[in-house]
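Participant: With numbering that gives the first Met the number 0 applied, the sequence shown closes on residue 153, and no number is skipped along the way. The C-beta atom is built at its ideal place from N, Cα and C for all residues, glycine as well. Keep in mind that this is a model prediction, so the values were computed, not measured.
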Amino acid sequence: MKDHPPSPSTVSRRLVNALLGLGFLGVLGGMAGAVLAYLWPERSQAANSDLLMGAEGPLAPQSVGEGQGAVGRSRVGKVLVVRQGGEWIGLLATCSHLGCTVSWNSASKQVECPCHGARYGLRGEVLRGPARQALGRVELAVDARGIHVVSTTG
Numbered sequence: 000m001k002d003h004p005p006s007p008s009t010v011s012r013r014l015v016n017a018l019l020g021l022g023f024l025g026v027l028g029g030m031a032g033a034v035l036a037y038l039w040p041e042r043s044q045a046a047n048s049d050l051l052m053g054a055e056g057p058l059a060p061q062s063v064g065e066g067q068g069a070v071g072r073s074r075v076g077k078v079l080v081v082r083q084g085g086e087w088i089g090l091l092a093t094c095s096h097l098g099c100t101v102s103w104n105s106a107s108k109q110v111e112c113p114c115h116g117a118r119y120g121l122r123g124e125v126l127r128g129p130a131r132q133a134l135g136r137v138e139l140a141v142d143a144r145g146i147h148v149v150s151t152t153g
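1. CA-CA distance, Q61 and A36?
2. Distance check for S105 and G66, CA to CA, integer angstroms please.
3. Kindly list the residues whose CB is nearer than 6 angstroms to the CB of G25, restricted to its own chain and excluding five residues on each side of it in sequence; keep chain order.
4. For A140, name the three-state secondary structure that DSSP assigns.
5. Roughly how many whole angstroms lie between the Cα atoms of A45 and D142?
6. Roughly how many angstroms lie between the CA atoms of A92 and C114, to the nearest whole one?
7. Have a look at E124 and F23 and give me their C-alpha separation to the nearest angstrom.
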């Protein structure tokens, strides 16, 4: 018997099969990557968060001393950051009464609204009216780059 070279249709069929196989493997790899990304999300909260900005750039952790507070801007609006007892506390800095920007009073250890005298506790709860609704809470992450808003509630 004589060996005959493969016909052109056989070569192209093999090529098509190989390309289909590679395409199938590519789709499987993409799906596996998506599943793994879902099952193992990124560990760093700060990487996916919103950096708080002060008047001259990112709000630096060292600019907020123990027992002190500062207001920064983020995508969620103005955020009041208080450093108390080694803990970082974040609150939405908009008074629930008429929307004025609140500030931290380190002497009274209360959040105060300068417009109508509303007072809030360190967790955002109303201590004195005319405000009736608590301030929203803000989860913070602090790293070398600054103070980050991770999430908000309320």
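Facilitator: Quick look at the numbers:
1. By one-based count along the sequence shown, residue 61 stands at place 62. By one-based count along the sequence shown, residue 36 stands at place 37. Between Q61 and A36, the C-alpha separation is close to 34 angstroms.
2. As a first step, residue 66 must be located in the sequence shown, where it is residue number 67. As a first step, residue 105 must be located in the sequence shown, where it is residue number 106. Between G66 and S105, the C-alpha separation is close to 6 angstroms.
3. Walking along the sequence shown from the start, residue 25 turns up at place 26. Excluding positions up to five away in sequence, the list is empty.
4. As a first step, residue 140 is located in the sequence shown; it is residue number 141 there, counting from the start. Strand at A140.
5. Counting from one through the sequence shown, the residue named residue 45 turns up at place 46. Counting from one through the sequence shown, the residue named residue 142 turns up at place 143. Because the pLDDT of A45 is 43, which lies under 50, any placement of that residue in the model is unreliable, and the question is left without a value.
6. Indexing the sequence shown from 1 puts residue 92 at position 93. Indexing the sequence shown from 1 puts residue 114 at position 115. Distance between the alpha carbons of A92 and C114: 13 angstroms.
7. Numbered from its first residue, the sequence shown carries residue 124 at position 125. Numbered from its first residue, the sequence shown carries residue 23 at position 24. Take the alpha-carbon of E124 and the one of F23: they are about 57 angstroms apart.
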